[in-house]
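>
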Amino acid sequence: MFDGLDALLLARIQFGFTVSFHFIFPAFSIGLASYLMVLEGLWLKTGRDIYLDLFRYWVKIFAIAFAMGVVSGIVMSYQFGTNWSVFSTKAGPVIGPLMAYEVLTAFFLEAGFLGVMLFGMSKVGKGLHFAATCMVALGTFISAFWILSVNSWMQTPTGFEMSPDGRFLPGESWLAIIFNPSFPYRLVHTVIAAYLTTAFVVGAVGAWHLLRDRANLHARKMFSMAMWMAAIVAPIQIFAGDMHGLNTLEHQPAKVMAMEGHYESHPDGAPLILFGIPNSAEKRIDYAVEVPKASSLILKHDLNAPLAGLDTIPDDREPPVPVIFWSFRVMVGIGFAMLGLGLWSLVARMRKRLYDWSWLHRAAVLMGPSGFVAVIAGWITTEVGRQPYTVYGHMLTAQSASPLAAPAVAASLIAFVIVYFAVFGAGAWYILHLMHKPAGPHESEPEHMPVRTAGITPAPAIATGAE
Amino acid sequence: MGINVDLTVVWAFIIAFAVFMYVVMDGFDLGIGILFASFKVGEERDQAMNSIAPVWDGNETWLVLGGGGLFAAFPLAYGVVLTATYPLIIAMLLGLVFRGVAFEFRWRDPRHRALWDIAFSLGSFIAAFAQGVTLGAILQGVQVENQAYAGGWLDWLTPFSLLTGAGVVIGYALLGAAWLIWKVEGSAEAHARRLALWAGAGTLVAMAAVSAATPFLQFEYWKRWFDMPGVLATAQVPLLTGIVAFLFFRKLRGGATAAPFLLALALFALGFAGLGISLFPYIVPDSITIWDAAAPERSQIFMLVGTAIIMPVILAYTGWAYWVFRGKVGTHGYH
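Chains A and B are the protein sequences, given in the same order. Start counting the first sequence at 1306; every next residue gets the next number (the numbering used here). Start counting the second sequence at 85; every next residue gets the next number (the numbering used here).
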C-alpha cells in the first residue's frame, strides 16, 4: 500500500516536525542566555539585588528550555543519517565538518559550563560563575553560527567541486564554503530574531505581573528592559530582513517569486500583493489586494523595474507557492506588530506611563509568543522556498532520502509526534507555571543544587529556600 | 615532518575515542537510570540524581560528537549504519528525550515526580538497550549494495544483537553503581555497593558470552583473534580483563570509594579494545572499511586542525566542571 513517494513524504514531514519543535528552544535559549549574561553582569557592576533576583528567576526557566533544546537537538544530529542518508553521504564531506565544528566549539562549551551556571554559584565565586554564564551565552551564539552556515550553504552552495560519483567535495578554501553568499544575512536575521523572541517573552511575563501588581519592581524592570529591546531591535530586524530578502532575490529568485505571489512576470513594474489566495491550479492569486509597482520599488528600488515571475521557472523546479506566500506574510506581519508595540512603549515611556497603561501590558502579554510564531514562519519560508532541492540547484530532495520502508518512517513519525507533544507539552506547562509566579526579592536558586562538597570549606549557605 | 600519517586512521581513532568517552560518561548516567527504581524514594533517589545533574548534559555531548564526527569523517558509514539500525536509533533518541527532560521535570512537579522517575528509568534503559543492540547489529554485519544499505528494517534483530543489548545494559548498570559508590553516602552507598557486585559479575558473564559468540559470526573474527602470532597480542585482552576483574571485586569488598569506578572504566576500556581488534579497519564488517567511507583529505585536514586545538580545551574545562562538583553530593542543603 505504500510506494517510494510515501516514504519520502513521511521523511519530509518527520524532519519538518522535529526541526520545528527543536527550533523553538534555541530561538528562546540563544536570547535568554544573553539576557542572563546581561543580568548577572549588571548585578556584578551595580551590586543591586534586583538583577540577581531576575537572574535566578530566569535561570530556572532557562534550565528547562535548555534541557528540551538538548534532547530535541540530539534527534536532529542523527536524523541526517537515519532519514537522509543519501544526502549525508553525498554532502557529508562539505557540511559534515561544519557540524563537527559546531559540536566542538559550541555544544561542549554550553554543556561544560551549564552545570556551573545552574548549580555552581556558591562553589566557584561570582567572577568565575559570571565567566561560566558568558561561556554558555557564547556557546549558543557559536552554535547558531555553524548551523546557519550549514543551512546557508544548502541554500546558496559555493566553494565546492563535484566528484564523478556525484559527491560534493570541498574546494580550495573553506572560507568560501562557510561564508557562502546568504550566510551573513541569514545569521544576522536569525540571531536578531532569537533576541526579539526572548525580549517578547520577557516583556510578556513582566506585563503579566504588572497587570496584577503595578508596583512590582521586578516586573517593572523586566518589562522596561524588554520594551527597550522591542523599540530598538524590531526596526533593525525589519531592515535586516529586507537585506536578506534582496540577497535571496539575487541567489534564489524562485523563492522570492513564491513569497511575493508572482506567478507571472511583470516587465514594467511588479505589484506588491498584500493579501490574496494563491491558486496553484490556475497559477494566479485570487482576490489579490495589491499596491501597483510597489514590489519593484522594494526589490529593485525602481517603480518600473521588470521582475520575472514563476512562469520563467520550469514547473517541476518551482517551490510550492501557497505555503511560502502565507508563512512569509505571517512573519512580516508579526515583525511590524513588534515594531508597533515597541513604538507604543516609547510613547508610554516618554509620558512616564510605561508601568501604568494596562492596554499596553495586555498587548505585550498577547505578543508574548509572537516571536516563536515568527521564527517558525520565517523558517518555513526559507526551507520550503528551497524546494524541490536540498542543495539548491544541485541535489533534489527526492534524491536525498534514505532507502527506508514507508512503515518504518511512518511508525517513527507517529512516535515522535506522541512523545514530543507529551514531553514538550509538559515542559511548556512547567515553564508557564514558573512564569506565572512573580519574581521577588531573594529569588531561590534551582532547588536541586547539590550544595555540599568534600574538600571545600562550606561557604555560608546561600538561602536555598524551598518553594 | 617526514612521517607519512594516514589521516583516515587518525580519524578512526578520534571517532573511537569520542565513542568511548560517550560510552563511559553517559554510561554511568544511563546506568544510574537503569538502577534508579531500586533506590528508595526520597533521599536516596535525590542523591543519585544530584550526582549527575551538573554533568549529564556534557556527557551526552560526546554522543553528538560521535554522530557528528562520523558524519563528517566517514559520511558513507554514517548513512549506511544509521539506515540499517533505523528503529534502534529512533528508540534510543526517544529514550534519551525522556531521560534528559526528567532531570528538570521531576523537580518542577513534585506531584508527578513518580511519573518522571519512571520516565528517567525507562528512557535510560531503552537508550542503553538500543545502543547495545546497535553494537551487535554492526558486529554481525549489514547488507550493503552500491554504497547504500540494502537490507530490511528489522535485519538487526537476532539473538546475538539481543545479547549485546543485554550486555550493554548490565555494563552501564555496573558503571552507574560504581559511580554512586563514589558520589553518594549512607544507605544509598551501601545499596550501590551491593548492586555493583551483581552488575560486576553480570558484566563479566556478558563479556564472556559476547566474546564466545563473536568468532562464530564470521570467519574473519576467528582469524583475528586466534591466528599466530597475533594471538600473543590479542590474548593480553582477556588476561588483563581477568586481572582488572579480580582487583575490582577486591576493592569493592574492601570498602574503597573511587577505585571500583576507575576499575570499571578499565574493564570497559578492555572491552572496547577487544571490539577494536575485531573490527579494524572495517566500520561495517566485510563491506565498508574506514578508507571506503572516509571523507576527502581536505575535509579531514580541516577538521583535524580544529580538533587538535579544541579537544584539549574541551577536556580541560570538562575536567574543571567535574572538579567543581567533586566529592559526595549530599542531599538538600546541609545535614
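We put the beta carbon where it would ideally sit given N, CA and C, even for glycine. Treat the numbers as computed from the prediction; the structure is a model and nothing was measured.
(1) Given a cut-off of 8 Å, decide if B/A250 and B/G216 are closer than it, judged by their beta-carbon atoms.
(2) Go ahead and label A/S1585 buried or exposed: buried means 16 or more other beta carbons lie within 10 angstroms of its beta carbon, across all protein chains shown.
(3) In chain order, what residues of the same chain lie with their CB nearer than 8 Å to the CB of B/R308, ignoring the 5 residues before and after it?
(4) Okay, do the stretch 135-143 of chain B and the stretch 278-294 of chain B touch, 3+ Cβ pairs below 8 Å being the bar?
(5) Leaving out the 5 sequence neighbours to the left and right, which residues in its chain are closer than 7 Å to A/Q1319 when beta-carbon positions are compared?
(6) What's the gap between the Cα of A/G1647 and the Cα of A/L1314?
(7) Using the C-alpha atoms, what's the distance from A/P1572 back to A/G1581?
(8) Report the start-end ranges of each alpha helix (DSSP H) in the stretch 1420-1507 of chain A that is 4 residues or longer and not cut off at the edges.
(9) How many Å lie between B/V94 and A/H1514 at the Cα?
(10) I need the boundaries of the beta strand (DSSP E) containing B/V408, first residue and last residue.
(11) To which residues of the same chain is A/F1465 closer than 8 Å at the C-beta, ignoring the five residues directly before and after it?
(12) List, in chain order, every chain B residue whose beta-carbon is nearer than 8 Å to that of A/P1475.
(13) For a test of the three-state rule: what should DSSP assign to A/G1760, helix, strand or coil?
(14) Under 8 Å, do A/L1701 and A/P1693 count as touching if we go by C-beta distance?
(15) Run the proximity test for B/Y162: is its beta-carbon closer than 7 Å to any non-hydrogen atom belonging to the ligand ATP?
(16) Determine the contact status of A/G1346 and A/F1435, defining contact as a CB-CB distance below 8 Å.
(17) Would you say A/V1652 faces chain B, with C-beta separation under 8 Å as the test?
(18) Got a sec? Which residues, its chain only, sit under 6 Å from B/Q227 by beta carbon, not counting five neighbours each side?
(19) Taking only beta-carbon atoms, is B/G366 less than 8 Å away from chain A?
(20) If you reduce the DSSP assignment to three classes, tell me which class A/P1743 lands in.
(21) Among A/K1742, A/Q1542, A/P1611, A/L1419, which has the Cα closest to the Cα of B/V408?
(22) Residues in the same chain with beta-carbon distance under 6 Å from A/I1366, minus the five sequence neighbours each way, listed in chain order, please.
(23) Please go through the same chain and pick out, in chain order, the residues whose beta-carbon is closer than 6 Å to the beta-carbon of A/T1461, but skip the five residues on each side of it.
(24) Is it buried or exposed for A/D1607, if we count other Cβ within 10 angstroms and need 16 for buried?
(25) Who does A/M1700 pair with in a DSSP beta bridge?
(26) Taking all protein chains shown into account, do 16 or more other C-beta atoms lie within 10 angstroms of the C-beta of B/V413, making it buried, or fewer, making it exposed?
(27) Name, please, each residue of chain A whose Cβ falls closer than 9 Å to the Cβ of B/Q231.
(28) Could you pull the DSSP bridge partners for A/P1583 from this structure?
(29) Could you check if B/D90 is buried or exposed, using at least 16 other CB atoms within 10 Å of its CB as the buried criterion?
(30) Is the separation between the beta-carbon of B/A420 and that of B/G115 shorter than 8 Å?
(31) Can you grab the Cα-Cα spacing for the pair A/I1723 / A/A1733, in whole Å?
(32) Roughly how many angstroms lie between the CA atoms of A/M1306 and A/L1344, to the nearest whole one?
(33) Can you find a CB in chain B that lies within less than 8 Å of the CB of A/A1405?
(34) Using 8 Å as the threshold, is the C-beta distance between A/L1604 and A/L1551 below it?
(35) State the start and end residues of the unbroken beta strand (DSSP E) segment that holds A/Y1568.
(36) Relative to the alpha-carbon of A/P1712, which residue among B/P171, B/F112, B/A137 has its alpha-carbon at the smallest distance?
On the basis of the coordinates in this document:
(1) yes
(2) exposed
(3) Same-chain partners within the cutoff: G314, T318, I361, S362.
(4) no
(5) Excluding residues within five positions, the ones whose Cβ falls inside 7 Å are N1388, V1714, S1717, L1718, F1721.
(6) It is roughly 41 Å from the alpha-carbon of A/G1647 to the alpha-carbon of A/L1314.
(7) 21 Å
(8) 1426-1460, 1479-1483
(9) 57 Å
(10) Segment 381-408 is the alpha helix (DSSP H) holding B/V408; no beta strand (DSSP E) there.
(11) V1399, F1473, L1474, P1475, G1476, I1482
(12) P380, R382, S383, F386
(13) Reliability fails at A/G1760, whose pLDDT of 31 lies under 50, so the model's placement of it is uncertain and the value that follows must be treated cautiously. Residue state, collapsed to three classes: coil.
(14) yes
(15) Of ligands this structure carries none, so the ligand ATP is not represented either.
(16) Yes.
(17) no
(18) A234, G235
(19) Note that residue 366 of chain B corresponds to Tyr in the displayed sequence, not to Gly. No, its Cβ sits nowhere closer than 8 Å to a Cβ of chain A.
(20) DSSP places A/P1743 outside both helix and strand once states are collapsed to three, so it counts as coil.
(21) A/L1419
(22) I1736, L1739
(23) N1485, P1486, S1487, H1556
(24) exposed
(25) Within the DSSP secondary-structure output, A/M1700 pairs in a beta bridge with A/V1696.
(26) When all chains shown are included, B/V413 counts as buried.
(27) Ordered by position in chain A, the residues that pass the 9 Å Cβ test against B/Q231 are T1394, D1470.
(28) A/P1583 pairs with A/I1590.
(29) Exposed: under 16 other Cβ atoms inside 10 Å.
(30) With chain B covering 85 to 419 only, the question about residue 420 of chain B has no answer from this structure.
(31) 15 Å
(32) At A/M1306, the pLDDT of 41 sits below 50, so the modelled position is not reliable; the number obtained from the coordinates is stated separately. Cα to Cα, the separation comes out at about 57 Å.
(33) yes
(34) yes
(35) Unbroken run through A/Y1568: none, as it is neither H nor E.
(36) With distances taken between Cα atoms, A/P1712 lies closest to B/P171.
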